[in-house]
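Asks: Each residue of the sequence shown is one higher than the one before, starting from 41 at the first, in my numbering.
Where a beta carbon is used, it is the ideal one built from N, C-alpha and C, also for glycine.
As the structure is a prediction and not an experimental result, all values here were calculated from the model.
Quick one: the structure is below, questions incoming.
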Amino acid sequence: MTDDIRVMTAQLAADPASMVFLPLGEALRQRGQLEAAEKVAVSGLGRYPESADAHDLYARILGDGGQLEQAFDEWDIALRLDPEHVGAHKGIGFLYFVAGDLERALSHLETAARTLPEDAGAQAALARVKETLARQPTGNGDLSGDGAGVLDVPPLDVDGADPARLFAGLEGAEDGLILLDTRGLRLGGGLTSPDGTEVADAVSAHLAGVSQEAGRTARLLGLGSWISLAAESPDGHLFMVAPTTETLLLVVRERSVPLGRLAVVTERAATVARSWLEGLR
């Protein structure tokens, strides 16, 4: 238990009505202690059922645990209580994105980005949805280009912040490198299946909560904080690191690429990702 969590736990024990349950629950969630985080959130909701922040916290915990329908309900409640709640708009926007409802995802993420322009996560998520919409076929069956009716995808107001070019210049920049957030939303990079199908967004969604699960497993085994994960399969090698506490980087290569080489590639990509994320702030 970190000092901050220990202090907040003591504060909540001394004053059960304290709003400290919000940062405490979030700290536990980020450490992957979802069961403890859920207990804190539910207890806080019992005292503050009209708190949009409390419902947002509980939704994020549920989302990390894979309970997406329940998470949606909690974010929906949060928006009923506070129609401009950034966290709830981001959460529901992500769920719509995963479900393939890009128009609704766009609406929620635009609200989040407009309400809190300095939120790097909201800006990156919005750019990701706009990019996906821009790649969709138009009514005449052609891919969106420069013609009428094409959704404009403006660059972010930060130099070098274009997600599509996040890893430009690196080995495998457009295929085999994915940067995602802890909710499973791809922030940059790309990945295709052996048959050429774009699978980056689907893979990112499946990786939601992996960082927390890795941290929890490492602690249960007495290994301390996790640094990287490597995996070998008949189809290729995978390497994962966390550039920041809120992001995950996945690198995929053929089996012919040694894991040592893959670790070097991953570290270089992580350095680029951290610089890019810092530029969004």
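Are the beta-carbon atoms belonging to T285 and R314 less than 8 Å from one another?
Replies: No, the pair does not count as a contact, with Cβ atoms beyond the cut-off.
Asks: Which residues does DSSP list as the beta-bridge partners of E238?
Replies: DSSP, once it has assigned bridges, lists T232 as partnering E238.
Asks: Output the residue ranges of the alpha helix (DSSP H) runs that lie fully inside the segment 56 to 80 and measure 4 residues or longer, sorted by chain position.
Replies: Listed in chain order, the complete alpha helix (DSSP H) runs (minimum 4 residues) inside the segment 56 to 80 are 61 to 70.
Asks: Evaluate L317 with the Cβ neighbour count: other Cβ atoms within 10 Å of its Cβ, from every protein chain shown; 16 or more gives buried, anything less gives exposed.
Replies: Per the 10 Å Cβ criterion, buried.
Asks: Assign H246 to one of two classes, buried (16 or more other C-beta atoms within 10 Å of its C-beta) or exposed (fewer than that).
Replies: Result: exposed.
Asks: Grab the span of the beta strand (DSSP E) containing L269 for me, first residue to last.
Replies: Residues 268 to 273.
Asks: Given a threshold of 16 other Cβ atoms within 10 Å of its Cβ, counted over all protein chains shown, does T306 qualify as buried or as exposed?
Replies: Looking at its Cβ environment, which holds 16 or more other Cβ atoms inside 10 Å, T306 is buried.
Asks: Rounded to a whole number of angstroms, what is the C-alpha to C-alpha distance between H148 and R154?
Replies: So the alpha carbons of these two residues sit roughly 10 Å apart.
Asks: Alpha carbon to alpha carbon, how far is L108 from V250? Give it in angstroms, no decimals.
Replies: Cα to Cα, the separation comes out at about 15 Å.
Asks: Use the C-beta contact count for L225: other C-beta atoms within 10 angstroms, 16 or more gives buried, fewer gives exposed.
Replies: It is buried - the Cβ of L225 has at least 16 other Cβ atoms within 10 Å.
Asks: Contact between the segment 114 to 124 and the segment 92 to 103: three or more CB pairs below 8 Å?
Replies: Taking 8 Å as the limit for Cβ pairs, the verdict is that the segment 92 to 103 does touch the segment 114 to 124.
Asks: Taking the straight line between their C-alpha atoms, what separation do you get for L97 and L156?
Replies: Looking at the two C-alpha atoms, the distance is approximately 18 Å.
Asks: Buried or exposed: E158, going by 16 or more other Cβ atoms within 10 Å of its Cβ?
Replies: Exposed, because fewer than 16 other Cβ atoms sit within 10 Å of the Cβ of E158.
Asks: Does V312 pass the burial test, meaning 16 or more other C-beta atoms within 10 Å, or should it be called exposed?
Replies: Looking at its Cβ environment, which holds 16 or more other Cβ atoms inside 10 Å, V312 is buried.
Asks: Could you tell me if D182 is buried or exposed, where buried requires 16 or more neighbouring beta carbons within 10 angstroms of its beta carbon?
Replies: Bear in mind that the predicted position of D182 carries a pLDDT of just 42, short of 50, making it too unreliable to give a figure here.
Asks: From I45 to I117, what distance separates their C-alpha atoms?
Replies: Going from the Cα of I45 to the Cα of I117 covers about 27 Å.
Asks: Rounded to the nearest angstrom, what separates A162 and V169 at their Cα positions?
Replies: If I take the Cα positions, the gap works out to 11 Å.
Asks: For G72, which of G106, A53, G84 has the nearest alpha-carbon?
Replies: That would be G106, whose Cα lies nearest to the Cα of G72.
Asks: What is the rounded straight-line gap between the Cα of L62 and the Cα of M48?
Replies: One C-alpha to the other measures close to 10 Å.
Asks: Let's see if you can read the secondary structure: which residues bound the beta strand (DSSP E) around D221?
Replies: Element bounds for D221: 217 to 221.
Asks: Whole angstroms is fine: what's the gap from V126's alpha carbon to L299's?
Replies: One C-alpha to the other measures close to 40 Å.
Asks: Go through its chain and collect everything with a Cβ distance to L52's Cβ below 8 Å, but skip five positions before and after it.
Replies: The answer, listed in chain order, is S58, V60, F61, L64, V80.
Asks: Would you tell me roughly how many angstroms separate the C-alpha atoms of L385 and G230, rounded to the nearest one?
Replies: Lying outside 41 to 321, the shown extent of the chain, residue 385 is not represented and no answer is given.
Asks: Checking 8 Å against the spacing of the C-beta atoms, do L302 and R293 come in under that value?
Replies: Going by C-beta atoms, L302 is nearer than 8 Å to R293.
Asks: Can you list, in chain order, the residues of its chain whose CB lies under 7 Å from that of A152, leaving out five sequence neighbours each side?
Replies: So the qualifying residues of the chain are V126, H129, K130, G133, D159, A162.
Asks: Over the uninterrupted alpha helix (DSSP H) stretch that includes H148, give me the two end residues.
Replies: Looking at the DSSP string, the run of the alpha helix (DSSP H) that includes H148 is 142 to 155.
Asks: Please report the distance separating the alpha-carbon of G179 from that of V297.
Replies: Model confidence at G179 stands at a pLDDT of 47, short of 50, so the residue's coordinates are unreliable; what they give is reported in the following sentence. About 42 Å.
Asks: Apart from the five residues on each side of it in sequence, which residues of its chain come closer than 6 Å, Cβ to Cβ, to L290?
Replies: These residues qualify, in order along the chain: I218, M280.
Asks: Please report the distance separating the alpha-carbon of S273 from that of P56.
Replies: Near 49 Å, if we compare the C-alpha coordinates of P56 and S273.
Asks: According to the neighbour-count rule (16 or more other Cβ atoms, all chains shown, within 10 Å of its Cβ), is G185 buried or exposed?
Replies: Per-residue confidence for G185 stands at a pLDDT of 38, beneath the threshold of 50, marking its modelled position as unreliable; the derived number appears in the next sentence. Exposed.
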